[in-house]
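> For the sequence shown, the positions run -21 to -1, 1 to 186 when mature numbering (1 follows the signal peptide of the UniProt record, and there is no 0) is used.
Got a structure for you, written out below as structure tokens; questions coming shortly.
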Amino acid sequence: MLLQLLLLQLLVLTAFTAATASTAATAATAAAAATAATAASAAASAATAVTPATAATTTTAATAAAATAAALLLLLLLLLLLLLLLLLLLLLLLLLLLLLLLQMLLLLLLLLLLLLLLLLLLMLLPILMVLLLLLLQLLLLLLQLLILLLLLLLPVLLLLLLLLLLLLLRLLLLLQLLLLLLHQQLLLLLLVVLQLLLHCYCYYYNS
């Protein structure tokens, strides 16, 4: 918006300068025409009669012509200055246009960079998806390994349990054998005691 306002101001100044330059050129042309007419009339009057009054008139006309020429020179200088200002304004306008073009180019470059970033992101998304899939595959492989280990360990555990059961059965059998032996021993002891009691009774009865 600021650049647009500056451009409008410069256009207005350019139009004003051009109008002033055309006005000054018109005034200079009119002054030159008036000076030429005055000089022609003064020459005609000088050619017709030479008297003291006409000499004074001729001197006054020459002075007026010199003043008009000086004014014409000043107007020409002003016209040159106005043209120089007009050229400077045109140069400033060109510089502003160049700056606007550079700004547009910078904006286009920024847009291109944004598009490149978006493309990079779009290119990185499949890579991220592939990495996620690889991680999921690794997790699945780990789970499969755990399941395989469990499957391999289950028969071993079952065998260990069976061995423990067999050991317990053997221990029970040994205990049962020991109990049987103790029972037999006890029976033998009872028989011996009974025999001793019988012998004692028989001896006591015979005596």
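Ideal Cβ positions, reconstructed from N, Cα and C, are used throughout, including at glycine.
Using the C-alpha atoms, what's the distance from L74 back to L101?
Spanning the two alpha carbons is a distance of roughly 40 Å.
> Give me the Cα-Cα distance between L160 and L147, rounded to the nearest whole angstrom.
Approximately 20 Å between the Cα atoms of the pair.
> Run the proximity test for L125: is its beta-carbon closer than 6 Å to any non-hydrogen atom belonging to the ligand FMN?
Among the components of this structure there are no ligands whatsoever, and the ligand FMN is therefore not found.
> How would you call P61, buried or exposed, if buried means at least 16 neighbouring beta carbons within 10 angstroms?
Checking the displayed sequence, the identity of residue 61 turns out to be Leu instead of Pro. It counts as buried.
> Measure the alpha-carbon distance for L112 versus L118 and round it to whole angstroms.
The straight-line gap from Cα to Cα measures roughly 10 Å.
> Can you give me the C-alpha to C-alpha distance between R149 and L133, rounded to a whole angstrom?
Looking at the two C-alpha atoms, the distance is approximately 24 Å.
> Please report the distance separating the alpha-carbon of L97 from that of L81.
About 24 Å.
> By Cβ distance below 7 Å, which residues in the same chain neighbour A32 in space, the five residues on each side in sequence not counted?
Low confidence applies here, because A32 scores a pLDDT of 47, under 50, leaving its location unreliable and the question unanswered by this model.
> For L95, which residues in the same chain have their Cβ closer than 7 Å to its Cβ, ignoring the five residues on either side in sequence?
The answer is none, since no qualifying residue turns up.
> Taking the straight line between their C-alpha atoms, what separation do you get for L158 and L175?
Answer to the nearest angstrom: the Cα atoms are 25 Å apart.
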